[in-house]
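This report refers to the structure that appears directly beneath it.
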Amino acid sequence: RDLKALRDHAQNSPLRVIAHIDLDAFYAQVEMVRLLQPPHLPLAVQQWQGLIAINYPARAYGIQRHITVKEALEKCPELKLVHVQTWREGDTEPGDWEAPEVGTHKVSLDRYRRESAKILGIFRERCDRVEKASIDESYLDLSTLVYEALLEQYPQLRHPPQDLNTPLPPAPPTIFDEENHGKIIDINNSQVEEELPSDWSDLSLSLAALHITSIRNQIRTQLGYDTSAGIARNKMLAKLCSSTYKPNMQAVLREGVEGSFLGGFRFTKIKNLGGKLGAKLVEIYKTEQVSDLLKVPIDDLRAKLGPETGAWLWQIIRGIDNSEVNIRTDTKSMLSAKNFRPCINTTVSAHRWLRVLAEDLSSRLLEDPAHRRPKTLTLQHKSGGGVSKSKSMPVSKGGELTGEMIWGMAVGLLRGVEGEGRCFPCALLAVGLSGFEGREEGVQGIAGFLVKAQ
Ligand code: CTP
Ligand code: CA
Ligand code: CA
């Protein structure tokens with residue numbers, strides 16, 4: 100039954116394995132590779148006078164995100180600084196400008212998005228179920244891979260008995276070693292490197308870990324990037340694992356140690372507990388530690404947080420997370436915005452900025468592997484007095500949506516705003532695309548259907 104559940108990538112199989120992979124100091128690595136910087140030299144990526152990515156050699160000087168460039172240079176005078184690419188007002192392409200300024204330039208993340216797409220391409224090449232979680236991290240559901248590897252390596256599993264409740268045969272021992280599998284998190288949250296009494300779930304983890312090592316090696320050889328990964332039973336645990344031994348390392352969380360592993364965390368590190376709910380918990384229970392919450396009975400959680408949230412929380416702090424790796428990560432909308440400080444005052448200037456926003460959107464559309472098309476274009480406008488307006492129009496069907504076409508539509512909508520008066524001074528312009536549809540949905544819809552029909 101467990102094997103069958105694994106084959107069907109069901110969330111409840113004890114053999115299920117999920118990996119979370121995150122790029123180390125992502126934007127900084129992209130610049131290091133592009134500029135052929137030796138990996139041991141400190142480098143940081145700058146946005147205006149702040150730092151948004153810091154490589155590990157620079158972190159050794161105590162440089163952290165969001166300190167100023169000046170403070171960073173005091174800590175490490177030889178720090179190599181790279182400014183993110185920017186568009187100048189009116190430009191159709193971003194560039195690497197010497198000293199861009201927030202008043203005349205807009206940040207472009209194109210370079211990092213392009214690298215992100217290449218990385219995602221490798222994940223998708225090596226795994227059939229990938230969820231992009233952000234520009235530099237993804238979840239991989241390794242069920243199919245592990246299922247196939249188990250059947251190949253252990254032929255005794257190939258012929259399931261009629262009665263699905265028949266236990267699996269005794270598992271051969273699993274030997275984890277750091278070089279091939281990464282670090283193994285054991286009960287005391289320290290690593291072990293010995294032969295362990297193991298079961299099939301350990302073998303699953305071990306096969307998955309070997310595969311992730313291989314994927315990470317491929318990313319390094321093909322693209323030059325270091326990654327960190329976590330390998331565990333579910334998404335929540337995999338994500339916590341991936342940051343345990345950062346940088347350039349992966350960690351495997353064995354079955355049965357979830358409780359002690361989680362007990363050491365502050366619960367604000369757990370997804371969905373970083374915000375309001377987390378703050379509420381701190382207020383009610385006067386603690387930030389998972390270990391303290393583990394002592395609270397489920398009825399108490401339900402009474403204080405509501406039946407659903409209480410039950411969810413009770414499970415999550417015990418390492419139970421049934422959320423699926425969502426392979427349909429298609430963007431539902433896209434927005435490109437520019438705040439003006441000081442405000443802009445002329446139609447000419449507004450048109451020039453709309454051009455930048457339009458080009459930003461069109462280049463992001465080109466990177467969509469499925470070439471999907473949005474149904475609606477929206478213009479947002481904020482006046483100097485803080486009044487917001489938004490106007491939309493349908494996007495006509497047809498060929499490629501160029502920057503020029505998006506620009507034309509946005510200019511048309513701006514005319515509407517101007518017609519209503521109080522267009523200037525203007526504090527913000529944003530152009531959004533939404534209602535994406537097209538190939539990806541169709542293809543994945545069919546793929547999903549085939550999997551279910553097996
Ligand atoms: N980023 C950002 N602003 C933030 C958070 C992240 O611009 N508030 C960017 C960073 O420049 C970073 C990328 O998004 O390179 C990924 O962020 P994250 O994974 O949080 O940090 P990394 O820089 O990749 O560092 P780490 O090695 O800790 O993952
Ligand atoms: Ca990262
Ligand atoms: Ca990240």
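Going by our numbering, 137 is the number at position 38 of the sequence shown; the sequence numbering is gapless. Quick reminder that beta carbons are idealized off the backbone N, C-alpha and C, glycines included. Since the model is a prediction, treat every value here as computed from it, not as a measurement.
Rounded separation between residue i and residue j - CA only
i	j	result
residue 463	residue 244	32 Å
residue 201	residue 147	7 Å
residue 492	residue 475	6 Å
residue 106	residue 225	17 Å
residue 305	residue 415	24 Å
residue 112	residue 391	29 Å
residue 263	residue 100	5 Å
residue 554	residue 149	Here the chain comprises residues numbered 100 to 553, so residue 554 is not present and cannot be evaluated.
residue 351	residue 389	20 Å
residue 256	residue 272	16 Å
residue 290	residue 237	For residue 290, the predicted model reports a pLDDT of 47, less than 50, meaning its position is unreliable and no value from the coordinates is stated.
residue 422	residue 522	46 Å
residue 330	residue 259	27 Å
residue 512	residue 478	7 Å
residue 266	residue 246	16 Å
residue 253	residue 375	48 Å
residue 227	residue 307	13 Å
residue 384	residue 393	11 Å
residue 340	residue 284	9 Å
residue 249	residue 382	47 Å
residue 327	residue 134	22 Å
residue 406	residue 126	42 Å
residue 362	residue 419	13 Å
residue 109	residue 357	20 Å
residue 386	residue 370	17 Å
residue 205	residue 120	30 Å
Boundaries of the alpha helix (DSSP H) in which residue i is found, first to last residue
i	result
residue 449	446-466
residue 335	334-341
residue 135	Looking at the DSSP string, residue 135 is not in any alpha helix (DSSP H), and its letter there is neither H nor E.
residue 222	209-225
residue 101	101-106
residue 200	Per DSSP, residue 200 belongs to no alpha helix (DSSP H) and is neither H nor E.
residue 302	299-322
residue 359	357-362
Cutoff 8 Å; reference residue i; Cβ partners in own chain excluding five residues on either side
i	result
residue 221	314, 317, 318, 321, 322
residue 525	439, 442, 443, 444, 449, 480, 481, 482, 483
residue 454	189, 190, 191, 502, 506
residue 216	466, 468
residue 516	478, 480, 488, 490, 522
residue 410	397, 400, 401
residue 373	367
Beta-carbon proximity list for residue i, same chain, < 7 Å, skipping 5 on both sides
i	result
residue 501	461
residue 298	270
residue 325	123, 128, 319, 346, 347
residue 377	366, 367
residue 136	142, 179
Enclosing beta strand (DSSP E) for residue i [first to last residue]
i	result
residue 238	236-240
residue 149	149-153
residue 438	432-443
residue 327	326-331
residue 350	349-352
residue 423	It is not in any beta strand (DSSP E) - residue 423 carries neither H nor E in the DSSP assignment.
residue 231	229-233
Beta-carbon contacts of residue i that lie in its chain and below 6 Å, excluding the five residues immediately before and after
i	result
residue 555	In the structure as shown, the chain starts at 100 and stops at 553, and residue 555 therefore has no counterpart that could be examined.
residue 456	435, 530
residue 424	228, 230, 238, 240
residue 132	323
For residue i, the residue or residues it bridges with in DSSP
i	result
residue 116	Answer is none; residue 116 lacks a bridge partner.
residue 536	472
residue 145	150, 182
residue 530	435, 478
residue 605	Lying outside 100 to 553, the shown extent of the chain, residue 605 is not represented and no answer is given.
residue 365	388
residue 122	326
residue 129	In DSSP, residue 129 forms no bridge with anything.
Residue i Cβ short of 7 Å to ligand 5 heavy atom set
i	result
residue 235	Although ligand 5 was asked about, the structure shown includes only ligand 1, ligand 2 and ligand 3 as ligands.
4-residue-minimum alpha helix (DSSP H) runs that sit fully inside the stretch 380-412, ordered along the chain: 389-392, 397-404
Taking only runs of the beta strand (DSSP E) that begin and end inside the stretch 166-191, which ones reach a length of at least 3 residues, in chain order? 179-182, 185-187
Kindly provide the ranges of any alpha helix (DSSP H) runs that are 4 or more residues long and lie completely inside the stretch 478-524, ordered along the chain. 502-518
May I have a chain-ordered list of the beta strand (DSSP E) segments no shorter than 3 residues that lie completely inside the stretch 235-285? 236-240, 282-284
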